[in-house]
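Asks: Just so we're aligned, residue 1 is where the sequence shown starts under UniProt numbering, counting upward by one.
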Amino acid sequence: MSTVAPTPAEQSARSAVHPVPDLSADVAGTVPDPRTAPPIRWGILGAGGIASSFAEAVRQHTQGRVASVGSRDRVRAERFATAHGVPTTHHGYQELVEDPQVDVVYVATPHSHHHEHALLAIRAGKHVLVEKAFTRNEAEAVEVLDAAREAGVFVMEAMWTRFLPHVAALRGVIARGEIGDVVNLSADHGQWFAFDPEHRLYAPELAGGALLDLGVYPVSFAHDLLGVPSSVTAVGSLTETGVDGQVSVVLGYGDTQATLSTTLWSRTATAAVISGTAGRIEVEGNFYAPTSFRVIRHDGASWYYDGFTGEGKQYQAAEVARRVAAGETQSPRMSWDSTLEVMRTLDEVRRQIGVVYPGE
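1) Quick one: which unbroken beta strand (DSSP E) runs of 3-plus residues sit fully inside the UniProt domain "GFO/IDH/MocA-like oxidoreductase" (168-282)? Chain order, please.
2) If I'm right that histidine 115 touches glutamate 143 with Cβ under 8 Å, what's the distance once you round it to whole angstroms?
3) By the 10 Å Cβ neighbour count, where 16 or more other Cβ atoms means buried, how is threonine 82 classified, buried or exposed?
4) Going by the beta-carbon positions, is the gap between valine 104 and lysine 126 smaller than 9 Å?
5) Quick check on serine 68: does DSSP put it in helix, strand or coil?
6) To which residues of the same chain is glycine 279 closer than 7 Å at the C-beta, ignoring the five residues directly before and after it?
7) Can you find the residues in the same chain that come closer than 6 Å, C-beta to C-beta, to glycine 172, ignoring five residues on each side of it along the sequence?
8) Only counting the same chain, and skipping five residues up and downstream in sequence, which positions put a Cβ closer than 7 Å to that of arginine 72?
9) Could you check the C-alpha separation between arginine 123 and alanine 148 for me, to the nearest Å?
10) Using the C-alpha atoms, what's the distance from glutamate 240 back to threonine 30?
11) Can you give me the start and stop residues for the beta strand (DSSP E) that glycine 43 sits inside?
12) Would you mind giving the Cβ-Cβ distance between alanine 57 and isoleucine 44, rounded to the nearest angstrom? I have them listed as a contact below 8 Å.
13) Tell me, which residues are paired with glutamate 157 by DSSP?
14) Can you tell me whether DSSP reads arginine 297 as helix, strand or coil?
15) Just the Cα atoms here: how many angstroms apart are glutamate 157 and arginine 59?
16) Pull up the CB-CB distance for leucine 164 and proline 290, whole angstroms please, since I reckon it's below 8 Å.
17) So valine 107 is in the beta strand (DSSP E); what residue range does that whole segment cover?
18) For aspartate 46 and valine 97, which I take to be in contact (beta-carbon distance under 8 Å), what is that distance rounded to the nearest angstrom?
19) List the residues that DSSP assigns as beta-bridge partners of serine 302.
20) Hey, valine 183 and threonine 277 are a contact pair by Cβ (cut 8 Å); roughly how many whole angstroms apart?
21) Identify the residues that DSSP records as bridge partners of threonine 88: which are they?
22) Around the C-beta of valine 249, are 16 or more other C-beta atoms found within 10 angstroms, so that it is buried, or is it exposed?
23) For a test of the three-state rule: what should DSSP assign to arginine 14, helix, strand or coil?
24) Below 8 Å, can you find three or more Cβ-Cβ pairs linking the region 261-271 to the region 184-194?
25) Excluding sequence positions up to five away, which residues of its chain have a Cβ less than 6 Å from the Cβ of glutamate 319?
26) DSSP on glutamate 341, reduced to helix/strand/coil?
27) Does DSSP put leucine 346 in a helix, a strand or coil?
Next up, the structure:
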């Protein structure tokens, strides 16, 4: 992590008005090196794309290891194991959660099955990291967390953005008042997916749609920086299958607002801007992954923070390892209350745009 050095003349001019802070100090205190986290044995439940990137992050950047993978498709599990050096495969999920070589189960199945699979792991006495969105709705999330509380196991939503270096740095910028009082946060997450009623993102039975898969990032980002909104206003357009194809959301915090958008129909900038009374922070795309940002103050001071670290899921994996080793059941950066608060907002957005999943 580094800041881009200005010329001597620029440094002299801006320092006279406002000194450039050492943003690395914000990171050092809150984002430890993932390689220093205790070793832990992971079981991967589901063998899709995000599971692959998580497995590689664990293997390359932590002391942990992926001990086993489970899939309902035996061939898919075996291919996953071969690709990521996983020693054990399981046909089905019950065998995976009962595997004595597994400490933590990472649930990487579609949203529609997070509730079921998290409970399966918890009942087997395993700690759990559940892909976001945590569940389909708040009621399902409450059931999972109640079960975890009763079992005394660690559970966390895999909102990896909260553990990234650039997020720690920009939180420090905001906390010190470098941009004054925040008045607006804007963030978008759009990807292009050709319409296919059988694709998971277009399938209601798999809790598809832009909001739970993509929109959860800007919503959680706003919750992280601004807290729980006092109002939620949403508009959306539905696909032929009845899931949301595009959604725009305004979260109200008194005089402060968050304007958020998500879509399945375009690859958007996936950027974020936090604007305050004394300046703004422009976060490069993809704002939710390791990236960089620029601080631009109204007094003419400006600086750049380079937070690109390549893959970033190792930071959340390390957080899980540290909390489990310490005997804790949740992370303060992605607490159970935080998960429920985000789910509550997502529920209200879906209520306003008219998306209901089968079985709800």
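In this text, a Cβ means the ideal position worked out from N, Cα and C, and glycines have one as well.
Replies: Looking at the atomic coordinates:
1) Taken in chain order, the complete beta strand (DSSP E) segments of 3 residues or longer contained in the UniProt domain "GFO/IDH/MocA-like oxidoreductase" (168-282) are 182-190, 231-238, 244-253, 256-263 and 272-276.
2) The residue you call residue 115 lines up with position 115 of the sequence shown. The residue you call residue 143 lines up with position 143 of the sequence shown. With 8 Å as the limit, histidine 115 and glutamate 143 qualify as a contact, their Cβ atoms being about 7 Å apart.
3) Numbered from its first residue, the sequence shown carries residue 82 at position 82. Counting Cβ neighbours within 10 Å, threonine 82 comes out exposed, since fewer than 16 surround it.
4) One-based indexing of the sequence shown puts residue 104 at position 104. One-based indexing of the sequence shown puts residue 126 at position 126. Result yes, Cβ atoms of valine 104 and lysine 126 sit closer than 9 Å.
5) Sequence index remark: in the sequence shown, residue 68 carries index 68 (1-based). Strand at serine 68.
6) Numbered from 1 along the sequence shown, position 279 holds the residue referred to as residue 279. So the qualifying residues of the chain are Glu178, Ile179, Gly180, Val295, Ile296, Arg297 and His298.
7) As a first step, residue 172 is located in the sequence shown; it is residue number 172 there, counting from the start. Asp26, listed in sequence order.
8) Translated into positions along the sequence shown, residue 72 becomes position 72. Only Gly92 meet the Cβ criterion.
9) Locating residue 123 in the sequence shown gives position 123, counting from the first residue. Locating residue 148 in the sequence shown gives position 148, counting from the first residue. In a straight line, the C-alpha of arginine 123 is about 9 Å away from that of alanine 148.
10) Translated into positions along the sequence shown, residue 30 becomes position 30. Translated into positions along the sequence shown, residue 240 becomes position 240. Here the alpha carbon of threonine 30 sits roughly 45 Å from the alpha carbon of glutamate 240.
11) Indexing the sequence shown from 1 puts residue 43 at position 43. Here the beta strand (DSSP E) through glycine 43 covers 41-45.
12) The residue you call residue 57 lines up with position 57 of the sequence shown. The residue you call residue 44 lines up with position 44 of the sequence shown. That belief does not hold up - the Cβ atoms of alanine 57 and isoleucine 44 are roughly 12 Å apart, past 8 Å.
13) Translated into positions along the sequence shown, residue 157 becomes position 157. DSSP lists Val130 as partners of glutamate 157.
14) Against the sequence shown, residue 297 aligns to sequence position 297. Here arginine 297 sits in strand by DSSP.
15) Within the sequence shown, the letter at position 157 stands for residue 157. Within the sequence shown, the letter at position 59 stands for residue 59. Each residue's Cα considered, the two are about 20 Å apart.
16) As a first step, residue 164 is located in the sequence shown; it is residue number 164 there, counting from the start. As a first step, residue 290 is located in the sequence shown; it is residue number 290 there, counting from the start. At roughly 6 Å, the Cβ-Cβ gap stays under 8 Å, so leucine 164 and proline 290 are in contact.
17) Position 107 of the sequence shown, counted from the start, is the residue given in the question as residue 107. Unbroken beta strand (DSSP E) run through valine 107: 104-107.
18) One-based indexing of the sequence shown puts residue 46 at position 46. One-based indexing of the sequence shown puts residue 97 at position 97. Note that residue 46 is glycine in the sequence shown here, rather than aspartate. Going by Cβ atoms, the distance from glycine 46 to valine 97 rounds to 12 Å, so no, they are not a contact pair.
19) Position 302 of the sequence shown holds residue 302. Answer is Ile296.
20) Counted from its first residue, the sequence shown places residue 183 at position 183. Counted from its first residue, the sequence shown places residue 277 at position 277. Yes, they are in contact, since the Cβ atoms of valine 183 and threonine 277 sit about 6 Å apart, within 8 Å.
21) Counting from one through the sequence shown, the residue named residue 88 turns up at place 88. Answer by DSSP bridge pairing, in chain order: Ser68.
22) Position 249 of the sequence shown holds residue 249. Classification of valine 249: buried, given that the 10 Å Cβ count is 16 or more.
23) For the purposes of this step, residue 14 is taken as residue 14 along the sequence shown, with counting starting at 1. With a pLDDT of 45 at arginine 14, under the threshold of 50, the modelled position of this residue cannot be trusted; read the value that follows with caution. Arginine 14 falls in the helix class under three-state DSSP.
24) Enough Cβ pairs lie closer than 8 Å, so yes.
25) Here residue 319 is taken as the residue at index 319 of the sequence shown, counted from 1. Hits under 6 Å: Phe163 and Ser331.
26) Here residue 341 refers to the residue found at position 341 when the sequence shown is read from its first residue. Residue state, collapsed to three classes: helix.
27) Position 346 of the sequence shown holds residue 346. In the structure shown, leucine 346 sits in a helix (DSSP, three-state: H, G or I).
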